[in-house]
Every structure is written in structure tokens, then in C-alpha cells.
Amino acid sequence: MTAAGDRSRRTRGERPKTAETHPASKTLQRGLDLIEAVARGDALPAELSATTGLTYSTTHRLAGVLVERGYLVPIRRGGYRLGPAAVQIGFEAQRQLDLIQIARPHLEALAASTGDTVSLVAPRGDIAQHLDVVLGRRRTIVARRIGERQPFESAIGRALLGADIAADCEEGGQIYCAAASVRGAGREIVAVLALSSPAREADGGRGEALERAVRDAADALSRDLGSTVRDERLQDHPFQEL
Numbered sequence: 234m235t236a237a238g239d240r241s242r243r244t245r246g247e248r249p250k251t252a253e254t255h256p257a258s259k260t261l262q263r264g265l266d267l268i269e270a271v272a273r274g275d276a277l278p279a280e281l282s283a284t285t286g287l288t289y290s291t292t293h294r295l296a297g298v299l300v301e302r303g304y305l306v307p308i309r310r311g312g313y314r315l316g317p318a319a320v321q322i323g324f325e326a327q328r329q330l331d332l333i334q335i336a337r338p339h340l341e342a343l344a345a346s347t348g349d350t351v352s353l354v355a356p357r358g359d360i361a362q363h364l365d366v367v368l369g370r371r372r373t374i375v376a377r378r379i380g381e382r383q384p385f386e387s388a389i390g391r392a393l394l395g396a397d398i399a400a401d402c403e404e405g406g407q408i409y410c411a412a413a414s415v416r417g418a419g420r421e422i423v424a425v426l427a428l429s430s431p432a433r434e435a436d437g438g439r440g441e442a443l444e445r446a447v448r449d450a451a452d453a454l455s456r457d458l459g460s461t462v463r464d465e466r467l468q469d470h471p472f473q474e475l
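For the sequence shown, the positions run 234 to 475 when my numbering is used.
Dropping the structure here:
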């Protein structure tokens, strides 16, 4: 949690270290260069070596590792094409991009109406990861960042596991978080819309109002994704909105 004047310091964080300060990362860079070269159409080791500036032996060694991990697949004449692991990452990146683009207006609207920080969160293995963040405009805000990870033992985790709405004071009681599940066309949970506010500013009636706002925003996003979950819920609980 940070005051508005501290936003840049808290959200930017430390400057990433470069390959010059971490020589071992050059191996990763070379592997990525190979994947990108194959994606551009270079296939033969000689072509890859010329494109990336790597020696033939280094190209062959790194390509072998990428084949083992499924990022490249050998083809005739000793060349390579993209493998299933690379294809899956591409599909997942496209899926995330579509979700983020559709969700962005809902995040911005909720952040504008409440003044609090709003995040789009999705599961990544045994953790939850923030895919997009709109910082609040209140004098004191909770500074979330894209890529931030949270455990499932949280309001966000409960929403990812099926709760329509979950809210709790977390991180030593300093942060109030309200999270609502977002569902796709198949009614499966695809993400969570989460609002984070200083706990002292979410007491009593305001906390309940924030929960309703988060739930309504998540329902609106679900409708944009083709879900009919909200319509069904209103049929089951016709007086809930009154």
C-alpha cells in the first residue's frame, strides 16, 4: 500500500539486470534468437547460424535442447520447425491478449468509479497472476503490478476456485480485496476481476458497495465473453438486485 506520490517508485521497481551483468542469460538469449529465426522461416542449421551469428556447433547444441523441450521439431535435411510447445505458447498469448483487450474497459470503468486499484487475474499453475492492472486515483492506493503473483489462499484464489464473489482483509489486515469470477462462453472460469483498497477505507457499507461493484463489473465482462451466468443467477435469485 502506498501514497500516490510513491506510485512510480513502487510500481516500476528495480531496473532489470541486463545480460552484461548476468553472462549466463546469454544462453537464454541465444535460444530465443534461434526460436525467432525459425519462426521467421529459417530452417537449416547453416541459415540459423548465419542469421543469429552463432557458430554451427552452438546452433546444433541449443537446437537439440529446444527439440527436447518441444520448442523445435526436426525436419528433413537437418532443419527445424516450431514445435508444439512454441505453438501452445502462441495460442495462449493470443488468448490472453483477447481477454485483456476485452477486459480493459471494464477495469478502467471500475477503477474510475471506485478510485481503487483493479486487476485482471488468471491462474498459472498453483498461483494466481495479475495479467493487467489499472491503478487507483485515491490519495492512498494499493500498488499492484502486472505479473504479480498471489497464492490461492486469498479472496482472488477463492474466486478462481468458484466463488462468485469473495472479499477479505489480507496482508496483515492492511489491504481489503474483493474478487469476482469471470466466466467464458462455456461458463468456465477464465479469470477474476479483483479490487484492492486500503482496509481502513473499506469498512462497513463501503466494503459491501465495493463487492457489488466488483461483482457487477465481472458479470458485465462475462457477458462480453459470451457467458449467460448472470442471467441464470438473476432467474434463480430474482430479488437480489433490488
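Glycine included, every Cβ here is placed at the ideal spot set by N, Cα and C. Here the structure is a predicted model, which means the values were calculated and not measured.
The C-beta of D457 has fewer than 16 other C-beta atoms within 10 Å across all chains shown, which makes the residue exposed. S460 and S290 have their C-alpha atoms roughly 52 Å apart. Contact annotation: L454 and H339 have beta-carbon atoms nearer than 7 Å. In the DSSP assignment, Q262 falls outside any beta strand (DSSP E) and lies within the alpha helix (DSSP H) extending over 258–273. Separation of the CB atoms of S387 and I408 is rounded to 10 Å, and the pair is thereby denied contact status at 8 Å. Burial state of Q334 is exposed, judged by a 10 Å Cβ sphere holding fewer than 16 other Cβ atoms.
Residues of the same chain with a CB within less than 7 Å of the CB of L299, apart from the 5 flanking positions on each side, are G264, L267, I268, L305 in chain order. Annotated as distal: A412 and A435, with beta-carbon spacing of 7 Å or more. Scanning A276, D359, E381 for the CA closest to the CA of D365 turns up E381. Beta-bridge analysis with DSSP links H363 to V354. The distance from the Cβ of G303 to that of A318 is about 4 Å, consistent with a contact at the 8 Å cut-off. For I389, the enclosing alpha helix (DSSP H) covers residues 388–393. Counting only runs of at least 3 residues, the region 274–331 fully encloses the following beta strand (DSSP E) elements, listed from N- to C-terminal order: 305–307, 313–315. Rounded to whole angstroms, the Cβ separation of R416 and V423 is 7 Å, and the two are in contact under 8 Å.
A355 is classed as buried because its beta carbon has at least 16 other beta carbons within 10 Å across all chains shown. In this model, A399 and I389 are separated by some 7 Å (Cα to Cα). Contact annotation, H293 with P307: C-beta distance approximately 11 Å; criterion of less than 8 Å not satisfied. Here R377 is buried, its C-beta having at least 16 other C-beta atoms within 10 Å.
Runs of the alpha helix (DSSP H) lying entirely within the region 412–461 and spanning at least 4 residues, in chain order: 437–457.
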